[in-house]
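*Asks:* Following this note's numbering, the numbering of the sequence shown begins with 10 at its first residue and continues without gaps.
We put the CB at the ideal spot given by N, CA and C, even for glycine.
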Amino acid sequence: MRSIIKIIFNIFINSQEFSLWRLITSLLIFLYISLQFSNASSQAIYKGTVISENEKKPLALVTVKLQQQQRDSISNEKGIFEIHANKQPDTLIFSHIGYDIKKIPTVNFINGQTVLLKEDNYTLDEVQISVKKQFEVLGKFSYDQVNYNIKNENQELFVSSPQPIAKFFETTASDFKLEYITLGRFVQKHLPPSKPLFSPNGRTTLFPLNDELYFNRNKHLDTSKVNIYITGVDSITHGPDTLRYYKKIEVILDSYQTLNQIDLRKLNIRPPGSSFFVIVEWLYELQNQTYKIGHKMVTYNAQNVFIPQYTIGYEPFIALYPQSADKTSNRFIKQDGKWYALDKPTGDASREIALSINISYYK
Numbered sequence: 010m011r012s013i014i015k016i017i018f019n020i021f022i023n024s025q026e027f028s029l030w031r032l033i034t035s036l037l038i039f040l041y042i043s044l045q046f047s048n049a050s051s052q053a054i055y056k057g058t059v060i061s062e063n064e065k066k067p068l069a070l071v072t073v074k075l076q077q078q079q080r081d082s083i084s085n086e087k088g089i090f091e092i093h094a095n096k097q098p099d100t101l102i103f104s105h106i107g108y109d110i111k112k113i114p115t116v117n118f119i120n121g122q123t124v125l126l127k128e129d130n131y132t133l134d135e136v137q138i139s140v141k142k143q144f145e146v147l148g149k150f151s152y153d154q155v156n157y158n159i160k161n162e163n164q165e166l167f168v169s170s171p172q173p174i175a176k177f178f179e180t181t182a183s184d185f186k187l188e189y190i191t192l193g194r195f196v197q198k199h200l201p202p203s204k205p206l207f208s209p210n211g212r213t214t215l216f217p218l219n220d221e222l223y224f225n226r227n228k229h230l231d232t233s234k235v236n237i238y239i240t241g242v243d244s245i246t247h248g249p250d251t252l253r254y255y256k257k258i259e260v261i262l263d264s265y266q267t268l269n270q271i272d273l274r275k276l277n278i279r280p281p282g283s284s285f286f287v288i289v290e291w292l293y294e295l296q297n298q299t300y301k302i303g304h305k306m307v308t309y310n311a312q313n314v315f316i317p318q319y320t321i322g323y324e325p326f327i328a329l330y331p332q333s334a335d336k337t338s339n340r341f342i343k344q345d346g347k348w349y350a351l352d353k354p355t356g357d358a359s360r361e362i363a364l365s366i367n368i369s370y371y372k
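1. In angstroms, rounded to a whole number, what distance separates the CA positions of L262 and L70?
2. Grouping DSSP H, G and I as helix and E and B as strand, with all else coil, what is T251?
3. Y131 by DSSP, collapsed to three states: which one?
4. For a quick check, are the C-beta atoms of V124 and T58 less than 9 Å apart?
5. Quickly, what does DSSP pair H93 with across the bridge? List them, please.
6. Helix, strand or coil for T115? Go by DSSP, reduced to three states.
7. Below 6 Å CB to CB, which residues in the same chain sit around P109 once its five sequence neighbours on both sides are set aside?
8. Less than 7 Å between C-beta atoms, sequence neighbours within five positions excluded: which residues of the same chain meet that for Q76?
9. Does the ligand HEM have a heavy atom nearer than 8 Å to the CB of I119?
10. From the DSSP output, read off the bridge partner residues of I342.
11. With respect to the beta strand (DSSP E) encompassing L70, which residues constitute its N-terminal and C-terminal limits?
12. Can you tell me whether Y152 is helix, strand or coil according to DSSP?
13. Could you work out which residue in T232, A94 and G88 is closest to G121 when comparing CA atoms only?
14. Rounded to a whole number of angstroms, what is the C-alpha to C-alpha distance between N277 and A363?
15. Per DSSP, G322 is paired with what?
16. Looking only at its own chain, which residues have a Cβ that is under 6 Å from the Cβ of Y238, when we skip the five neighbours before and after it?
17. With 16 as the cutoff for other CB atoms within 10 Å, does T181 come out buried or exposed?
18. Identify which residue in T232, L192 and I106 has its Cα closest to the Cα of T299.
19. Could you pull the DSSP bridge partners for G193 from this structure?
20. Would you check if there are 3 or more beta carbon pairs closer than 8 Å linking the stretch 164 to 177 to the stretch 328 to 338?
21. Going along the chain, which residues of its own chain have a beta-carbon closer than 7 Å to the beta-carbon of Y293, five neighbours each way excluded?
22. Taking only three categories from DSSP, how would you classify A334?
23. Give every residue of the same chain whose Cβ lies closer than 6 Å to the Cβ of Y265, excluding the five residues on either side of it in the sequence, and list them in chain order.
24. Below 8 Å on the Cβ atoms is my contact criterion, and I expect T191 with L268 to pass it. Report the Cβ-Cβ distance as a whole number of Å.
25. With distances taken between CB atoms, is the gap from E188 to R279 smaller than 9 Å?
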């Protein structure tokens, strides 16, 4: 920084003509560079590895969240995580089904350190009962595959339906138990345009053409509610069979968390047969309500202008990820009390719902 100040000072000294314009230009350059240095120095990167305390193995899909800044990340297959955030006092929270939650103040965190997560009492008790317990993930997806955020409307890939939607799961295991559901969430965290333009009549708000933000979502609360059902399979329609098996689970989700794990272990859910459905029912309550503010271009008086848009949606927005049509799951939607199969998209439009389920069984 001192060398930059010296260069600007030399410009003044060596200039044959000193003017107010030169002064203003130099000051602007100085302010711009100062801001760049300030932004760089105010950023922090928290990086490390999460492993199991008992097994000493890396833990994947551990949610790592900054409590105050509401930023989160997920550990990869090697247990490595990384979060970019503002440099300010905060707390790192590590959470994963089957393990105790761990909190580390950022002032005590050392980059590159190993974070040990301890198995919770429920997991330890089950390990003591039998060492032959097997686990399987149905509908497994990679965290990197899923679309959690967007920069324009063309990347708005999620599902939020006014009617319940069911996703089909199948396994070769018998007498299995559902452990937990993993749900990928679409989370929009941007702010609305800071300087909208206003039309002369004062009735229409126009947004700057060069503004990268197309829309914003806000919520009334920091959590959202959703109902999840586990049902059997109807042998005739091949859709959900609520008479054969039916289990309702009321779930509260953190609105700022992109990957949510729903613990089912203590519910002892054991669907009959080798296949079942997981149904998601969106609740049209104020707690779940979001709004979308944006703008679209229309032609008015032979000129292209941008006008505002306002629509209402309901959480949770379940993320989607690209998947070939032959590998996408069978899905049904409930309308007028009946279940109807949804057609599978083809080509580039083929998408899968980011919803997987972990099961356990003895072998």
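*Replies:* Considering the structure as presented:
1. 17 Å
2. strand
3. helix
4. yes
5. I54
6. helix
7. Before going further, note that residue 109 is Asp rather than Pro in the sequence given. Within the same chain, D109 has close Cβ partners K127 and D129.
8. D99, T100 and I102
9. Of the ligands one can find in the structure shown there are none, so the ligand HEM has no counterpart to examine.
10. I174 and Y349
11. Segment: none, L70 is in no beta strand (DSSP E) and carries neither H nor E.
12. helix
13. G88
14. 23 Å
15. T299
16. K257 and I288
17. exposed
18. T232
19. L268
20. yes
21. Y323
22. helix
23. Q79
24. 7 Å
25. no
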